[in-house]
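There are 6 protein chains.
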Amino acid sequence: MLLSFSTWPEIEAYLKRSRTVVVPIGSNEQHGPTGLLGTDWLCPEIIAREAEKNADILVAPTFNIGMAQHHLGFPGTISLRPSTFVAAITDWIRSLSVHGFEKILFLNGHGGNIASIEAAFSEIYAESSFARRDAGFALKLVNWWDLEGVGDLAREQFPEGHGSHATPSEIAVTQWAFPELKKTADFSPPIAPNGPIREARDFRARFPDGRIGSNPALATPEKGGALVELAARSLVKELDGFSSERKPQA
Amino acid sequence: MLLSFSTWPEIEAYLKRSRTVVVPIGSNEQHGPTGLLGTDWLCPEIIAREAEKNADILVAPTFNIGMAQHHLGFPGTISLRPSTFVAAITDWIRSLSVHGFEKILFLNGHGGNIASIEAAFSEIYAESSFARRDAGFALKLVNWWDLEGVGDLAREQFPEGHGSHATPSEIAVTQWAFPELKKTADFSPPIAPNGPIREARDFRARFPDGRIGSNPALATPEKGGALVELAARSLVKELDGFSSERKPQA
Amino acid sequence: MLLSFSTWPEIEAYLKRSRTVVVPIGSNEQHGPTGLLGTDWLCPEIIAREAEKNADILVAPTFNIGMAQHHLGFPGTISLRPSTFVAAITDWIRSLSVHGFEKILFLNGHGGNIASIEAAFSEIYAESSFARRDAGFALKLVNWWDLEGVGDLAREQFPEGHGSHATPSEIAVTQWAFPELKKTADFSPPIAPNGPIREARDFRARFPDGRIGSNPALATPEKGGALVELAARSLVKELDGFSSERKPQA
Amino acid sequence: MLLSFSTWPEIEAYLKRSRTVVVPIGSNEQHGPTGLLGTDWLCPEIIAREAEKNADILVAPTFNIGMAQHHLGFPGTISLRPSTFVAAITDWIRSLSVHGFEKILFLNGHGGNIASIEAAFSEIYAESSFARRDAGFALKLVNWWDLEGVGDLAREQFPEGHGSHATPSEIAVTQWAFPELKKTADFSPPIAPNGPIREARDFRARFPDGRIGSNPALATPEKGGALVELAARSLVKELDGFSSERKPQA
Amino acid sequence: MLLSFSTWPEIEAYLKRSRTVVVPIGSNEQHGPTGLLGTDWLCPEIIAREAEKNADILVAPTFNIGMAQHHLGFPGTISLRPSTFVAAITDWIRSLSVHGFEKILFLNGHGGNIASIEAAFSEIYAESSFARRDAGFALKLVNWWDLEGVGDLAREQFPEGHGSHATPSEIAVTQWAFPELKKTADFSPPIAPNGPIREARDFRARFPDGRIGSNPALATPEKGGALVELAARSLVKELDGFSSERKPQA
Amino acid sequence: MLLSFSTWPEIEAYLKRSRTVVVPIGSNEQHGPTGLLGTDWLCPEIIAREAEKNADILVAPTFNIGMAQHHLGFPGTISLRPSTFVAAITDWIRSLSVHGFEKILFLNGHGGNIASIEAAFSEIYAESSFARRDAGFALKLVNWWDLEGVGDLAREQFPEGHGSHATPSEIAVTQWAFPELKKTADFSPPIAPNGPIREARDFRARFPDGRIGSNPALATPEKGGALVELAARSLVKELDGFSSERKPQA
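From first to last, the protein sequence lines are chains A, B, C, D, E and F.
With the first letter of the first sequence counted as 1, position 107 gets the number 107 in the working numbering; the numbers rise by one all the way through.
Each position in the second sequence, counted from 1, maps to that position plus 250 in the working numbering.
Each position in the third sequence, counted from 1, maps to that position plus 500 in the working numbering.
Each position in the fourth sequence, counted from 1, maps to that position plus 750 in the working numbering.
Each position in the fifth sequence, counted from 1, maps to that position plus 1000 in the working numbering.
Each position in the sixth sequence, counted from 1, maps to that position plus 1250 in the working numbering.
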């Protein structure tokens, strides 16, 4: 089920058979000369929706703006500060918990989000820890490229030039979903440089076209399709495993 | 243009011809027995994307979670606290301003958002006011039902039973966009009660199925289509007017 | 009773017969060439104290600084940021609730406060909504010019030139209360311009003497007295209605 | 001049001859069986307004709610959390600084405010310190009972039973200003106990009628008048000294 | 016991015999030409550890960064904003309270910390006061120079030139603990000036070498040893008294 | 140099030859039956001070309380919430930047800190990114076990039973520094279980004696000494490399 495309009685019914929900979370940020600004929120949304076609899972609306301060030197990037991002994530969790969701999996599409999402988890867990009570929910962060088998497939598809931003694998996923939006460019150099990530101006000076270590020209819709299919299957398994986890007994 | 489906060089090019952007903003919250949880963010997204088909406007990604604390008694609702919502809106504005956007119009789909959006505008304007400098951008909040002619059309379409939550007009808009998701229910009473809006438990006691003053059974995809068509045209006009506004001279 | 001019045992006794309190709330901001900076907090205070003379109501101390960032271009204006304003309002509510007040009515004197006051209400209601419990109190915002009959009287008194800031009706109320402070000026133009409200510098460029759409020269102490008398009576009715409201049964 | 009872052009004119303003600041909190809840904001307001009658000083509106969490066990007390109080004080300072005020003196009426006011000063000074720039304003906190000679007079008037909360000196000041509100009670014991100040329930257990170490029955309007007269004169001197302070040269 | 040098089972055992803990708290800030930057956190740490040698007390890790914004004009100073400092102190208290500590004494080494520490106490007490419940812990702030007898000894040792920052008494304490770090300088003038404390640039202009009213050349390790010995004994007494305090009965 | 044991003129002199500083950062939290509560802040402090003996580096005071909410079920743990931790880290950075430090390396001793430290870096970088200016400093996070060669040595020393909390390597480091504090226990099972990390009660139920996947009985002071010696050398190299990094040219 897609939560936003359901009614509240339908969610009430779902909660009788499952307490698990997956939240696609990403970012809206530059992805090099050819990547869509929405790449990082589109990828987990695409994968989660693909998974939903074949399994009784619940997909929350997509959390589409993340922590992308370093990309602000490129037009179109929209970023939350980490403190805002943490506050928003905790409000999403609080809301889902009110309804009785006990397993909340964030399917992430942006490396720059990881630290803040984990900080958000700790922020909301800390409320229970300081109050000496159970949280009532378990949280899990999974990057789509870390879903079972997906990293291996990407390395096989792109033995070199994968890099870490505007990667051919994420570009491929969006090409598969939106083939009409496939774009090309002359990448120079073909494989972008690597380096540390700091504030936006430093970033743009190091990575003039926005890519980090990647060659997006290697992406094809077909490769994207293979990644999505595998990721969708692995996501269902991940959710199954998470759903069947039991609370530890003291 | 749809910002998330564009590349950064495309946005850079857009900025040479326009400094205006529209942000669809809504909420994910219960909409009665038949309304989609996503109704309030879908409506402005649908209208903005329809407008974009016929005009050179830029549509930002949709801000899909708003201030819906009063709906938390119904499964599926996700809400930000006003303080979080304000922080997030100001980060969106800050990001867009970094790129040179000077006219930022929020096309809103949720009445419960209005106060917090206006508070957010004041929060970020206050930074400039305390610093004795120009803000560098102008902000505008427009509810889609307040776009020129739209309210009149809705009143004509639904002379009674329109109400203020889970209204037939918003339901109709989503029916037009997603006819396959049209749902039915026996509404009892046909027209829901009215009353004040307070915390979630009070809300659910007053409005047992979630509707306020409305009869969603009156909605049809056709009426929705008429609303969308008119709203899209009026949005383009609204953006034109906003874009051509000049800064006052002291 | 005036809360600040009472002792705690007197408030304790009052709470045995009523759980309702009215909080005058306004702003300290420029009101054009002749209006007092305190106009917006004085008006609700004047009206509430007038009402108190003839009814067993409890009037809290006046919340005298509000959200007036747009007026900061004019000397004497003092403003809270919306985030500060929200935090302060919630602390007032929390304090009153501790003592057992269950109906808290904010009698507002400043249009620019409305969004932030409503955001504050949602902020504190959200605590209960996230915790799945009753709030224990009901909140109401009433602008003094929206008290029963008051708007009609003002429109009758000032068929034109009323405007929306430094209005002849609010000036008249302060003239009635403080006739010795009545000031005059040559207004040019007699009726001030209208326009959008943004940051302070933009505001001063649009509204050079601070007025918006108004002609304060129309104010007289007599008209003010009529407004106060009516508003005071309507406030008592409003409080009676609010006090007798019953909690909805789920 | 009283700021709230002036117009913006009058403040503009004042700023040409002085950059100094005094802000009465207090609290609304229980003051024992006979003390007014407003005692702590009334005292500095009374003194500042008395001073203003004979000197060209500017008196800001009164900051009437302070840090009184420990008094919340007694009906009528309204308190800000320290964090809210700090935020509000810095917004007042920011606002006054925008207009060019360079010397801002807070005339305080509540011991419990001192720490938070000083923390607020450090909070706003820190902005300049981190930015390696001048603040542009100097801040001063003066408790009215520390004005030159006032403490000595109070000790002379009340050699015993003065105590530290609901003191006969502060009660006397309000009796002088509002003789019609003078109240009496059988104080038992005549002099209240002393002890540490912690949370509200602890406070009420230690100080059952709200007083700390004081015997308010010793207060008379005449003693209050003497205190006000002296305090008003000392305030003018204090403001003169503060106004003539020069910035140190590095 | 030194908490950081113990294991959790050892703390568990300690809690069976005592619910009291002392937290050394200070600052890392310039202390004139010869004083160590760590002086203000070293002094309470030295004293608490000395006390611990002869008594069954528990010494928490040292809170080593405080509120020192005014010293930021001198290299090496590290400061928290008051708001950050308050948040951190409340988290320490919350953590200690989780384990069952009921008496938490902060042994302070920096005058500039006092206001913020007290504000922090009020901030966390306010949570209980607003919730109408007991805090479950009592907090106490004691400056090491206010421990019984210590101030008298310092005045006797340094009848003049003690001053209030980079004082010979605090310098002496660090000299006693770290004689190898004793430094000398030509102080000119021998006794530093006094004056108000504001933002960092103002501070450095008033106090060019960082001292306030003091002559650190008077410090000797021997005098420091006498101060530490006395302070350590008085601290044990202070903790004994605090531990044996009983909750008041309502 | 040790910053806290230096004077401000000494730091001023240091800044003429280097703009680099290392901040040991850790946590005060349970480390199993035999590990010191201070283990995680002691390890980086020990290593940094060892490094300082042979190189001209500057070691800041130790940031000794981190993000340890999950350990709050064990007595003695003190934790900041992530939001507090982020605020404090940014204040440290702001302070060091005021003095001209341009390379700030945090030498971390606690895995649970990583997310929040990175979030803090993004939080402060975002200020520059939103303001379209250079940050003026570069930040680096290095866990001591990730210093060149250290992980390999630990794996060699402890081929099994290393685990991830209360590891024999960190215990060994503290044993080397404080051999008199070496403790023993019967670990049952010898190697602790693994599992996810959530709120404190869940944690204690999963990991009854506090260890995760480790066998601390394998630690010896000698192994600790080897780790410290290597880590200290690698830290100096790391600082050298960081110091010589040049800003990228746009």
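Just so you know, even glycine gets a beta-carbon here, dropped at the ideal spot from N, CA and C.
Is it true that the stretch 1096 to 1107 of chain E meets the stretch 1016 to 1025 of chain E, where meeting means three or more beta-carbon pairs spaced less than 8 Å apart? Between the stretch 1096 to 1107 of chain E and the stretch 1016 to 1025 of chain E there are three or more inter-stretch CB-CB distances shorter than 8 Å, so the stretches are counted as touching.
Beta-carbon neighbours of residue 133(A), restricted to chain C and to distances below 7 Å: Neighbours of residue 133(A) in chain C, taken as residues at a C-beta separation under 7 Å, are lacking, since the least C-beta distance is about 13 Å.
Considering only residues of the same chain and omitting the five flanking positions on each side of residue 731(C), which have a CB-CB separation below 7 Å? Annotation for residue 731(C): 547, 644, 647 and 650 place their beta carbon closer than 7 Å to its own, counting only its chain and skipping 5 residues before and after.
Residue 509(C): first and last residue of the uninterrupted alpha helix (DSSP H) it sits in: That run of the alpha helix (DSSP H) goes 508 to 517.
Kindly indicate the opening and closing residues of the beta strand (DSSP E) around residue 1510(F). Only positions 1251 to 1500 of chain F appear in this structure, which leaves residue 1510(F) out of reach.
Short CB-CB distance (under 8 Å) between residue 1375(F) and chain A: With 8 Å as the cut-off, residue 1375(F) counts as an interface residue toward chain A.
With 16 as the cutoff for other CB atoms within 10 Å, does residue 996(D) come out buried or exposed? Under this definition residue 996(D) is an exposed residue.
Figure out for me which residue from 1105(E), 1013(E), 1171(E) and 1208(E) has the closest Cα to the Cα of residue 1237(E). Residue 1237(E) has its Cα closest to that of 1105(E), out of 1105(E), 1013(E), 1171(E) and 1208(E).
Cβ-based neighbour list, residue 492(B), same chain, cut-off 8 Å, excluding 5 preceding and 5 following: Hits under 8 Å: 270, 353, 355, 388 and 390.
For the stretch 1378 to 1407 of chain F, list every residue whose C-beta sits within 8 Å of some C-beta in chain B, in sequence order. Cβ contacts with chain B come from 1379, 1380 and 1382.
Using DSSP's beta-bridge definition, name the partner residues of residue 1141(E). Looking at the DSSP assignment, residue 1141(E) forms a beta bridge with 1106(E).
Work out the CA separation of residue 921(D) and residue 966(D) for me, nearest whole Å. In this structure, the CA atom of residue 966(D) is about 7 Å from the CA atom of residue 921(D).
Within the same chain, show all residues whose beta-carbon is closer than 7 Å to that of residue 1280(F), passing over the 5 residues directly before and after it, in chain order. Excluding positions up to five away in sequence, the list reads 1287, 1321, 1324, 1326, 1327 and 1460.
How would you label residue 949(D), buried or exposed, when you count the other beta carbons within 10 angstroms and need 16 or more for buried? Here residue 949(D) is buried. Its C-beta has 16 or more other C-beta atoms within 10 Å.
Using only the alpha-carbon positions, how far apart do residue 290(B) and residue 419(B) sit? Answer to the nearest angstrom: the Cα atoms are 11 Å apart.
Step through the CB atoms of chain B and report whether any lies within less than 8 Å of the CB of residue 773(D). No, residue 773(D) lies away from the interface with chain B (no Cβ there is under 8 Å from its Cβ).
Residue burial classification, residue 749(C) (beta-carbon count within 10 angstroms, cutoff 16): That one is exposed.
Ends of the alpha helix (DSSP H) at residue 239(A)? Counting along the chain, the alpha helix (DSSP H) containing residue 239(A) begins and ends at 221 to 244.
beta-carbon residue 175(A) near the ligand ADP non-hydrogen atom, thresh 7 Å: Only the bare structure without any ligand can be found here, which leaves the ligand ADP out of the picture.
Is residue 836(D) closer than 8 Å to residue 869(D) when the C-beta atoms are compared? Their beta carbons are under 8 Å apart, which means residue 869(D) touches residue 836(D) by this criterion.
Taking the alpha carbon of residue 1092(E) as the reference point, which residue from 1117(E), 1228(E) and 1155(E) has its own alpha carbon closest? Nearest C-alpha to residue 1092(E): 1117(E).
For the stretch 1153 to 1166 of chain E against the stretch 1222 to 1229 of chain E, do three or more pairs of beta-carbon atoms, one drawn from each stretch, fall closer than 8 Å, so that the two count as touching? These segments touch.
On the three-state DSSP scale, how would you describe residue 691(C)? The three-state secondary structure of residue 691(C), taken from DSSP, is coil.
So for residue 574(C), helix, strand or coil by DSSP? Coil.
Return the first residue and the last residue of the alpha helix (DSSP H) that residue 46(A) is part of. Following the DSSP letters along the chain, one finds residue 46(A) inside the alpha helix (DSSP H) bounded by residues 39 to 53.
Exposed or buried, residue 1318(F), counting other C-beta atoms within 10 Å across all chains shown (16 or more means buried)? That one is buried.
Can you grab the Cα-Cα spacing for the pair residue 161(A) / residue 218(A), in whole Å? Their Cα atoms are separated by approximately 8 Å.
Is the CB-CB distance between residue 1416(F) and residue 1464(F) below 8 Å? Closer than 8 Å, so yes.
Taking Cβ-Cβ distances below 7 Å as the criterion, which residues of the stretch 90 to 123 of chain A are in contact with chain C? Taking 7 Å as the upper bound on Cβ-Cβ separation, chain C lies near residues 94 and 98 of the stretch 90 to 123 of chain A.
Alpha carbon to alpha carbon, how far is residue 861(D) from residue 952(D)? Give it in angstroms, no decimals. Answer to the nearest angstrom: the Cα atoms are 18 Å apart.
Chain-order list of residues whose beta-carbon lies under 8 Å from that of residue 1364(F) (same chain, five-residue window excluded): Scanning its chain for C-beta atoms nearer than 8 Å, with the 5 sequence neighbours on each side dropped, one finds around residue 1364(F) the residues 1358, 1391 and 1393, in chain order.
Compare the beta carbon distance of residue 128(A) and residue 1332(F) with 8 Å and say whether it is the shorter of the two. No, the Cβ-Cβ distance between residue 128(A) and residue 1332(F) is not below 8 Å.
Whose Cβ in chain C lies nearer than 8 Å to the Cβ of residue 332(B)? Going along chain C in sequence order, the residues near residue 332(B) (Cβ under 8 Å) are 586, 619, 620, 622, 623 and 626.
Which residues in chain A sit within 7 Å of residue 325(B), going by Cβ to Cβ distance? Near residue 325(B) (Cβ distances below 7 Å), the residues of chain A are 8, 11, 12, 15 and 99.
Beta-carbon proximity check, residue 514(C) vs residue 542(C), cutoff 8 Å: In this structure, residue 542(C) does not lie closer than 8 Å to residue 514(C) by Cβ.
Would you verify that the beta carbon of residue 1303(F) is, or is not, closer than 8 Å to some beta carbon of chain E? Residue contact check for residue 1303(F) against chain E: no CB pair falls below 8 Å.
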